[in-house]
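Have a look at the structure below before the remarks.
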Amino acid sequence: MEYVYAALLLHNSGKEITEDGLSAIMNAAGIEADMGKIKGLVSALSDVNIDEAMAQAQPAYAPAPTVAPPPAAAPAASEKAGEKEEKKAEEKKEAEEEKAEESSMEGLASLFG
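Throughout, my numbering is defined as the position within the sequence shown, counted from one, plus 18.
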């Protein structure tokens with residue numbers, strides 16, 4: 019991919035895409051240039067109108083439409099509703115446990131009564 023970027027840099031600067039130009043850009047970027055890839059790219063791009071190719075490809079690179087994130091309050095409300103349900107269930111369970119304890123105490127009291 020870096021070879022294509024180098025070719026686009028040369029093209030955008032108005033320079034001819036040559037083996038020497040691509041090699042110089044690759045070396046400047048600190049990338050060891052593979053002359054086989056460079057020769058192949060120069061050969062492949064010799065018959066390509068880059069401006070026309072980029073104009074046709076532009077819709078594929080157009081930014082995707084953005085969608086606003088859902089409001090933050092909605093999840094919080096559902097969490098609060100869930101918490102309320104949990105609290106109600108806990109209170110109900112505690113009330114049942116208290117009743118069970120009271121009834122067991124009454125049973126013990128009758129033994130000693």
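Beta carbons are placed, not taken as given, at the ideal position from N, Cα and C, and that holds for glycine.
Residue i versus residue j - alpha carbon distance
i	j	result
isoleucine 49	glutamine 74	30 angstroms
lysine 117	valine 85	53 angstroms
glycine 39	leucine 28	7 angstroms
lysine 110	glutamate 103	11 angstroms
lysine 55	tyrosine 21	8 angstroms
glutamate 120	glutamate 114	10 angstroms
lysine 57	lysine 33	17 angstroms
asparagine 45	methionine 53	12 angstroms
Residue from the options whose Cα sits closest to the Cα of residue i
i	options	result
alanine 47	Lys98, Tyr23, Val85 and Glu104	Tyr23
leucine 59	Thr36, Met72 and Glu108	Thr36
Assigned secondary structure, residue i (DSSP; H/G/I helix, E/B strand, else coil)
i	result
aspartate 52	coil
serine 64	coil
serine 41	helix
alanine 47	coil
glycine 32	coil
methionine 72	helix
valine 85	coil
Cβ-Cβ separation, residue j to residue i (assumed contact under 8 angstroms), whole Å
i	j	result
alanine 25	serine 41	Between serine 41 and alanine 25 the Cβ distance is about 12 angstroms, and since that is not below 8 angstroms, they are no contact.
Next on the checklist: With three or more C-beta pairs closer than 8 angstroms as the rule, is the segment 52-70 touching the segment 29-37?
Outcome noted: The segment 29-37 and the segment 52-70 touch, with no fewer than 3 CB-CB distances between them shorter than 8 angstroms.
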